[in-house]
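Everything on this sheet refers to the single structure shown next.
There are 2 protein chains.
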Amino acid sequence: ISLRSLGVELHCRCIQTESKPIGRHIQKVELIPTNSHCEDTEIIATLKKTGQEVCLDPEAPWVKRMIARIIANRKR
Amino acid sequence: ISLRSLGVELHCRCIQTESKPIGRHIQKVELIPTNSHCEDTEIIATLKKTGQEVCLDPEAPWVKRMIARIIANRKR
Chain A
2 ISLRSLGVEL HCRCIQTESK PIGRHIQKVE LIPTNSHCED TEIIATLKKT
52 GQEVCLDPEA PWVKRMIARI IANRKR
Chain B
2 ISLRSLGVEL HCRCIQTESK PIGRHIQKVE LIPTNSHCED TEIIATLKKT
52 GQEVCLDPEA PWVKRMIARI IANRKR
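If you read the sequences in order, they're chains A and B. Mapped onto this note's numbering, the consecutive letters of the first sequence carry residue numbers 2 to 77. Mapped onto this note's numbering, the consecutive letters of the second sequence carry residue numbers 2 to 77.
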């Protein structure tokens, strides 16, 4: 049983972050806290349709707003 | 190429949510916006070590605080 099989990354996944807002075509957003293998918090959005993964800047106001919007959009 | 291969879920992933705070042993948190297959926003934490997935309540104040804490914990 390897660390990787548990989904543990041994390095940062993001090299650079997307600066412009990516809008509403988001399938999911992953938040990865700082850990022993990566000293940055990583936020990775997966886009609908393509499944493309886009790294986002945790300090960007639009990223914080987008996450707050996702969480607030509860059962209608 | 299947929808599932793109990571598209065809149903909600969470049946019930964990009510008590799960603390600091979080490897990652996934935020899944409402979509045509699931009318609930889903928040799924993956625990360190075990890799266990735990569904969290988007309306729970401790969940919102935990997410805010992850995002704010930027490069030191």
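Beta carbons: idealized from backbone N, C-alpha and C, even for Gly.
According to DSSP, residue pairing for residue 56 of chain B in a beta bridge involves B/45. The beta carbon of residue 62 of chain B sits no closer than 8 Å to any beta carbon of chain A. At least one CB of chain B lies nearer than 8 Å to the CB of residue 42 of chain A. Within chain A, the residues whose beta carbon sits less than 8 Å from that of residue 65 of chain B are 72, listed in sequence order. Remark: C-beta atoms of residue 32 of chain A and residue 68 of chain B approach each other more closely than 8 Å.
Counting only residues of its own chain and dropping the five nearest sequence neighbours on each side, residue 16 of chain B has a CB closer than 8 Å to the CB of 56. A straight-line Cα-Cα distance of about 12 Å links residue 39 of chain A and residue 28 of chain B. Annotated as proximal: residue 42 of chain B and residue 71 of chain A, with beta-carbon spacing under 8 Å. Under a 10 Å Cβ-count criterion, residue 59 of chain B is classified as buried, with 16 or more other Cβ atoms of the shown protein chains found around its own Cβ.
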